[in-house]
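Take a look at the structure below.
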Amino acid sequence: MYTKGLKGIFIMILMFGLVIPTSLVLGETNEKKATSYGSIYFEVDDSPTDPLDPTDPSQPVEPEKPGQKGPLSLDFVSSLDFGTQEISKEDRVYYATTQQIKQQNTGVVKQVPHYVQVTDKRGQDDGWIVQVRQNGPLKAATSKYPVLTGAIITWNSPKSVSVFKTEENDVEVFPIELNENGVASTVMNAKAYHSFGTWLSVYGEETSLTSVVEKTPQGNRMRKINPAVSLFVPGKTPKDAAKYYTSLTWELSSVPVE
1 MYTKGLKGIF IMILMFGLVI PTSLVLGETN EKKATSYGSI YFEVDDSPTD PLDPTDPSQP
61 VEPEKPGQKG PLSLDFVSSL DFGTQEISKE DRVYYATTQQ IKQQNTGVVK QVPHYVQVTD
121 KRGQDDGWIV QVRQNGPLKA ATSKYPVLTG AIITWNSPKS VSVFKTEEND VEVFPIELNE
181 NGVASTVMNA KAYHSFGTWL SVYGEETSLT SVVEKTPQGN RMRKINPAVS LFVPGKTPKD
241 AAKYYTSLTW ELSSVPVE
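Rendered as structure tokens:
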């Protein structure tokens, strides 16, 4: 009887020893919970975007004139100056003077390749496209030969530049050929889901920019040129000692997701 009683007591203690740690680990089962929230609201950014240095897109530059406002904007396009040239009866190719910029943060003034800049801050998936056309032939205001018939403006060696650029995320850029017929040429094409951010189409390399000596009525001058941007003028086209000019129209359009 005594032995059986001890055995029973021992078993009870052993079982009690197993139960105690389990209840301590589980703790109190009547938990209290609360919920809190966080939120943010985004609105459309309509402010203009400053042009960027095409050789260092992290650096904004002082704009020549205020850029376009809106969430989808054409921020900058280079104008072209082909210098002062001697009249020739031979076919000639003339190169554009480089684009001059001044960095906002450093004050550095430098010569860079010509470029086009677009910013998309819409926060949606639509793509966009940029096209350009020439508004008629190069003309002189007062001249015996007022039109440069057959002249062609060409922008070659384009490359896309952006801090948003990755192997999977890029914008298509194209060479440009413009003539007096006014046919539109595609400049940049951002596909759906790859359009957000600021993008530049840059024509030529900084290392390819070249200095030349040019004769002018005021004497010789040094001019830095970009071989990627040129004007072809046929030798058979009559010319006067006059300034010929034309204008280009650049158009940025949204391309909806299909």
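If you count the sequence shown from 1, position 202 lands on 202 in full-length UniProt numbering, and the numbers rise without skipping. Positions of the beta carbon are idealized from the N, C-alpha and C atoms, including for glycine.
Classify residue i as helix, strand or coil using the three-state DSSP reduction.
i: Glu177; result: strand
i: Asn207; result: The question names Asn, but residue 207 in the sequence shown is Thr. Helix at Thr207.
i: Ser23; result: Because Ser23 carries a pLDDT of 48, less than 50, the predicted location of this residue cannot be relied on, and no value is offered for it.
i: Gly8; result: Low local confidence applies: a pLDDT of 37 at Gly8 is under 50, so the model's placement there is unreliable, and no value is given.
i: Glu31; result: coil
i: Lys239; result: coil
i: Val171; result: coil
Assuming residue i is part of the beta strand (DSSP E), what are its boundary residues?
i: Tyr37; result: Per DSSP, Tyr37 belongs to no beta strand (DSSP E) and is neither H nor E.
i: Arg221; result: Gly219 to Val233
i: Tyr115; result: His114 to Asp120
i: Pro158; result: Pro158 to Val161
i: Tyr95; result: Arg92 to Thr97
i: Thr84; result: Note, Thr84: premise wrong, no beta strand (DSSP E); not H, not E.
i: Ala190; result: Ser185 to Ala190
i: Gly127; result: Gly127 to Gln134
i: Thr249; result: Leu248 to Val255
Find out if the Cβ-Cβ distance for the pair residue i, residue j is shorter than 8 Å.
i: Ser254; j: Trp155; result: no
i: Glu180; j: Pro137; result: yes
i: Gln134; j: Asn105; result: no
i: Tyr115; j: Asp240; result: no
i: Ser195; j: Asp120; result: yes
i: Pro57; j: Val147; result: no
i: Leu231; j: Ile153; result: yes
i: Lys69; j: Pro48; result: yes
i: Gly235; j: Lys89; result: yes
i: Gly38; j: Asp50; result: no
i: Ile225; j: Thr210; result: yes
i: Gln103; j: Leu200; result: no
i: Glu86; j: Lys243; result: no
i: Phe164; j: Gly197; result: yes
Worksheet item: Can you list the beta strand (DSSP E) stretches of 3 or more residues lying completely in the UniProt region "Disordered" (45-72), in chain order?
Response: When DSSP assignments are scanned along the UniProt region "Disordered" (45-72), the uninterrupted stretches of beta strand (DSSP E) that are 3 or more residues long and fall wholly within it turn out to be 56-60.
Worksheet item: Do three or more CB pairs link the segment 109-117 to the segment 86-98 at distances below 8 Å?
Response: Counting Cβ pairs under 8 Å, three or more are found: they touch.
Worksheet item: Do the segment 38-45 and the segment 171-187 meet, that is, are 3 or more Cβ pairs less than 8 Å apart?
Response: Two segments are said to touch when three or more pairs of C-beta atoms, one from each, lie closer than 8 Å; by this definition the segment 38-45 does not touch the segment 171-187.
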